[in-house]
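What follows is one structure encoded as structure tokens, with my remarks underneath.
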Amino acid sequence: MKKFKLSVLAMALTTMLGFTSCLDSGEPGPSSATSFLKVRTSMGYTTFEDPSGFQYIPTTTLTTSPTSRLAFLYFEIDTSTLTQESTSADITLLQDPVYLREMNAALSPVPAEEETVALYGIPSNGCAVWGAFEFLIMAPNFNLKKGTTTSNLDSELPNHRLAVYYDSTEEGVANGTLRLHIRYRITNADMTDENWGQDYNVQYGEYVFVDLASIISAYRNNNQNEYPTRLELEYEMYNTNSATSDPDKKTSQTITIEKQYLPDMSETEE
């Protein structure tokens, strides 16, 4: 089940969150789709919304309560019921929504190298911007503690946290580029033991997101109110079946998102 979910998620992010509107498919009728959508809850009822504001309304009651502001949906939609003026559509969920964990955004320099743990990695296509620089979605891979299974995953996973750092004073950043640093911590790891990392050997991958509001506001304040036209995401990697905070073992990797994959903010700039 988990492998299936991850494969579908990967397909969605590979297309840079590219849920192509079924209105443009030229094939009316029921069709399946995947998308990352914002969660909307009102009076106990949950709907989902894409960056344009279009509403997706499940035809059945959700079996679980929403745990996040952003979710991945795999659903069926009948395009024959839609027109160009439609603002919402009924959908049939083909699996339960996958709610993405929200990580922190920090307007500060990155922590000291020995304070953070290297990720196993992030796929080159494993980061994308949602909406008008609203969210950053990431697909990190890291190692959980030995003995972690589906039965105790919910208790282990909260110990693994990412944060995205933006330092407006950082030097060597090209004009138009927003450089962010992704850092990872394991909150319950006993790093006083030099072999602590060997206890983390269960590889795990998930999709998480960060609210970009504070970062984009700070960037624009320092760049003549302009939006970035290039995004650099730097992170620490240790591509081994264990964990480490040792600066000598970690390598720095950078994922770049070019202008054509970023929101076009030309019509929204003041």
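End of the sequence shown = 270 in the working numbering, gap-free, step of one.
C-beta: ideal position from N, C-alpha, C; glycine also.
Check                                                                                                         : Outcome
Touch test, the segment 82 to 97 against the segment 137 to 150, Cβ-Cβ under 8 angstroms, three pairs minimum : no
One or two residues paired with D90 in a DSSP bridge                                                          : I57
Reduced DSSP secondary structure (H/G/I, E/B, other) of A132                                                  : coil
Reduced DSSP secondary structure (H/G/I, E/B, other) of G172                                                  : coil
Any 3 or more C-beta pairs closer than 8 angstroms across the segment 197 to 211 and the segment 90 to 102    : yes
DSSP beta-bridge partners of V110                                                                             : DSSP output for V110 lists no bridge partner at all.
For G197, three-class secondary structure by DSSP                                                             : helix
Paired residues, beta bridge with T81 - DSSP                                                                  : Answer is none; T81 lacks a bridge partner.
Local Cβ density within 10 Å of I57, reported as buried at 16 or more and exposed below that                  : exposed
Beta-carbon proximity check, N223 vs G176, cutoff 9 angstroms                                                 : yes
Neighbour-count burial assignment, T64, 16 or more Cβ in a 10 Å radius                                        : exposed
Inter-residue CB distance, I137 and I255 (contact presumed, cutoff 8 angstroms)                               : That pair is no contact at about 12 angstroms.
Span separating the alpha-carbon of S214 from that of T169                                                    : 16 angstroms
D246 - containing alpha helix (DSSP H), residue span                                                          : It is not in any alpha helix (DSSP H) - D246 carries neither H nor E in the DSSP assignment.
The beta strand (DSSP E) enclosing N141, as first and last residue numbers                                    : 141 to 145
Residue(s) in a DSSP beta bridge with K38                                                                     : E49, L70
C-alpha gap between V98 and Y45, whole angstroms                                                              : 17 angstroms
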